[in-house]
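J.: First the structure, then my questions, so here it is.
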Amino acid sequence: MSTAERDTIAEPAVETPVENSTTNRKQPFPRGFLDTISTGWAERPESLPAPRPQAAFASTRRAAVSAAFPGKRLVIPAGSLKQRSNDTDYPFRAHSAFAHLTGWAADSEPDSILVFEPTDDGHDITLYFRERADRTTTEFYADATVGEFWIGPRPSLAGVAADLDIATAHLDEYTEVEGALVLDESDDLTRVVSELRLVKDEYEIAEMRRAVDITAQGFDDIIRALPEAVSHARGERVVEGVFHRRAREDGNGEGYDTIAASGPHACYLHWTRNDGTVVPGDLILVDAGVEADSLYTADITRTLPVSGTFTEVQRRVYETVREAADAAFAAARIGVRFREVHEAAMKVIAARVAEWGLLPVTAQEALDADAGGQHRRYMVHGTSHHLGIDVHDCAQARREMYYDGILAPGMVFTIEPGLYFQIDDLTVPVEYRGIGVRIEDDILMTEDGPVNLSAGIPRTADEVEAWIARVQA
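Read left to right, the sequence shown gives residues 4 to 476 (my numbering).
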């Protein structure tokens, strides 16, 4: 039953209309209902939980933010529900910085606010949110947005305080104070909480591994479903759908809109319409990642031959992309600048497309920082981005901390070179047109060098063909 359908059931006849009510289409509650709805309910004894595993890590993160802003009031809102259509909202997902600093993840409450109140020796930190309403209130039975009769049990102040190991207070007690630094309004605060995520802690790394493992299962599901996708008029939707099922069954959902791009669609970097056919003989590029309940996400791309084997030209393009990915991986070392990972991949891309006669200049000339770039026609995007609680994590970090930053243990980022020869690109031979390939893996930097968290998902052309044969057997 949709929210729209539920809201037509009833409206209080005596009490003040609740917020967001659509009073022009609701039936009034009869007096008998109003006289009895608050009675006859069993007691709900509360057993306080032990702190969740991420609580201690979140406390350490809060301490770092506190130390960065002595004497300043800091306000970190979780965000609110966002309207999809009329009175239907999108599923709520808290702001990544809020989740990172509280440890509250898929179960966080809309409109919550984390507040750092300055003290002589740091900050008093309080999490404000709307506690569940007593069953004697109108909210309980009449508010379809937050009422427990509509959306189910909601957390209590005491329960969340124990669960997250943090002080809590009712949202009604929150007051705005002039001069406070507010997330996404204060550039300094937004930058600090973003840069705080550049190096992942032990808990975060474990969750990244979990997300990658579930994603790997989702790719197996996709391969099993390829015959069904071929037989469907919108086979890309079949691929998207089977991955969505895995993401929802074993995680919180997808970390971003799945790209299921078959044939020429693979040349569109953010193809998310996923309404095309899946044709034998073509490649299908799938860029997908499961978001765990902790909100940490994987970000994996594999390009699969729909028929199970690559053609000669497809294999040539695929293995070039794999060569570029391997070069980028080899360049990722402690103390190296982040941009050097991209530069290593670009050297391979430029060299190969020059060998194929696609460039009007030499590979070396194309790599010139000022006058070159001709090879970028076929790979316009960057090779790497940081990954974590956001698929493009740490996006508000300073350039000198990100693009020009130094690789350090605990960083997690992607390596994802590609080649894209669009169907109408007259600069490439006909046999290349409509081929798009990307290989993307999730990389953890350690003291001993890079670790490919997604290495268990087949990567080479030979491995991919064997993978498809094995899963579809």
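Note that CB positions come from ideal geometry on N, CA and C, so glycine has one too.
Label I409 either buried or exposed according to how many other C-beta atoms from any shown protein chain fall within 10 Å of its C-beta, with 16 as the threshold for buried.
T.: Label assigned to I409: exposed.
J.: Alpha carbon to alpha carbon, how far is D137 from F32? Give it in angstroms, no decimals.
T.: When rounded, the distance between both Cα atoms is 19 Å.
J.: Three or more C-beta pairs closer than 8 Å, one from the segment 301–321 and one from the segment 336–343: is that the case here?
T.: Judged by Cβ distances under 8 Å, the segment 301–321 makes no contact with the segment 336–343, as fewer than three pairs qualify.
J.: May I ask you to verify whether the segment 453–469 touches the segment 394–408, counting CB pairs closer than 8 Å and requiring at least 3?
T.: Output reads no: the segment 394–408 does not touch the segment 453–469.
J.: Return the CA-CA distance between I116 and F143, expressed in angstroms with no decimal places.
T.: Their Cα atoms are separated by approximately 22 Å.
J.: Take the Cβ of S88 as the centre, count every other Cβ of all protein chains shown within 10 Å, and call the residue buried at 16 or more, exposed below.
T.: Exposed, because fewer than 16 other Cβ atoms sit within 10 Å of the Cβ of S88.
J.: Could you pull out every unbroken alpha helix (DSSP H) segment of at least 4 residues lying fully inside the segment 134–194, listed in chain order?
T.: Correct list: 141–145, 151–154, 160–167.
J.: Please tell me whether G106 and L167 are closer than 8 Å, where the distance is taken between their beta carbons.
T.: Closer than 8 Å, so yes.
J.: Alpha carbon to alpha carbon, what distance is there between E176 and Y131?
T.: Taking the straight line joining both Cα atoms gives about 8 Å.
J.: Which of the three DSSP states is assigned to H247 in this structure?
T.: Reduced to three states, the DSSP call for H247 is helix.
J.: Quick one: what does DSSP say S62 is sitting in, helix, strand or coil?
T.: Of the three classes helix, strand and coil, the one that applies to S62 here is helix, per DSSP.
J.: Under the three-state reduction of DSSP, which class applies to Q399: helix, strand or coil?
T.: Note: Q399 maps to coil in three-state DSSP.
J.: Beta strand (DSSP E) containing V440: first to last residue?
T.: V440 -> beta strand (DSSP E) spans 438–441.
J.: Tell me which residues share the same chain as A469 and place their Cβ nearer than 8 Å to its Cβ, disregarding the 5 neighbours each side in the sequence.
T.: The residues are P461.
J.: Once the 5 residues before and after L51 are set aside, which same chain residues still bring their CB inside 7 Å of it?
T.: So the list reads A161, G162, A165, once near-sequence residues are dropped.
J.: Count the C-beta pairs between the segment 438–448 and the segment 261–272 that are closer than 8 Å, then say yes if the count reaches three, no if not.
T.: Yes, the segment 438–448 is in contact with the segment 261–272.
J.: Flag this pair as yes or no: are the beta carbons of A97 and A71 separated by less than 8 Å?
T.: It is not a contact, given that the beta carbons lie outside the stated cut-off.
J.: Since T417 contacts L390 with CB under 8 Å, what's their CB separation in whole angstroms?
T.: 6 Å between Cβ atoms; contact.
J.: Taking A398 as the reference, which of G43, V196, G254 has the closest Cα?
T.: Closest by alpha carbon: V196.
J.: Quick one: residues in its chain with C-beta nearer than 8 Å to the C-beta of R76, no 5 flanking neighbours on either side, listed in chain order?
T.: For R76, where only same-chain residues beyond five positions count, the Cβ hits under 8 Å are V118, F119, E120, P121, V180, G182, A183, L184.
J.: What residues match up with I128 in a beta bridge as DSSP calls it?
T.: Answer by DSSP bridge pairing, in chain order: F119.
J.: Thinking L422 and Y381 are a contact (beta carbons under 8 Å), I'd like their distance in whole angstroms, please.
T.: The pair is a contact, with the Cβ atoms about 5 Å apart (cut-off 8 Å).
J.: Go ahead and label P158 buried or exposed: buried means 16 or more other beta carbons lie within 10 angstroms of its beta carbon, across all protein chains shown.
T.: Buried, by the Cβ-count rule.
J.: Give me the Cα-Cα distance between L362 and R379, rounded to the nearest whole angstrom.
T.: Going by the C-alpha atoms only, they are around 10 Å apart.
J.: Pull up the CB-CB distance for V293 and I217, whole angstroms please, since I reckon it's below 8 Å.
T.: Their Cβ separation, rounded to whole angstroms, is 4 Å, which keeps V293 and I217 in contact under 8 Å.
J.: Please classify V415: does DSSP put it in a helix, a strand, or coil?
T.: Of the three classes helix, strand and coil, the one that applies to V415 here is strand, per DSSP.
J.: Can you round the beta-carbon distance between I79 and F101 to whole angstroms, since I take them to be within the 8 Å contact cut?
T.: Their Cβ separation, rounded to whole angstroms, is 5 Å, which keeps I79 and F101 in contact under 8 Å.
J.: Excluding sequence positions up to five away, which residues of its chain have a Cβ less than 8 Å from the Cβ of E450?
T.: So the list reads I337, P412, once near-sequence residues are dropped.
J.: Do you know offhand how far D465's Cα is from V320's?
T.: Taking the straight line joining both Cα atoms gives about 14 Å.
J.: What residue from V149, V202, D146, R64 has the CA that sits closest to M414's CA?
T.: Looking at the Cα atoms, V202 is the closest of the given residues.
J.: Roughly how many angstroms separate the alpha carbons of G279 and E112, rounded to a whole number?
T.: Each residue's Cα considered, the two are about 37 Å apart.
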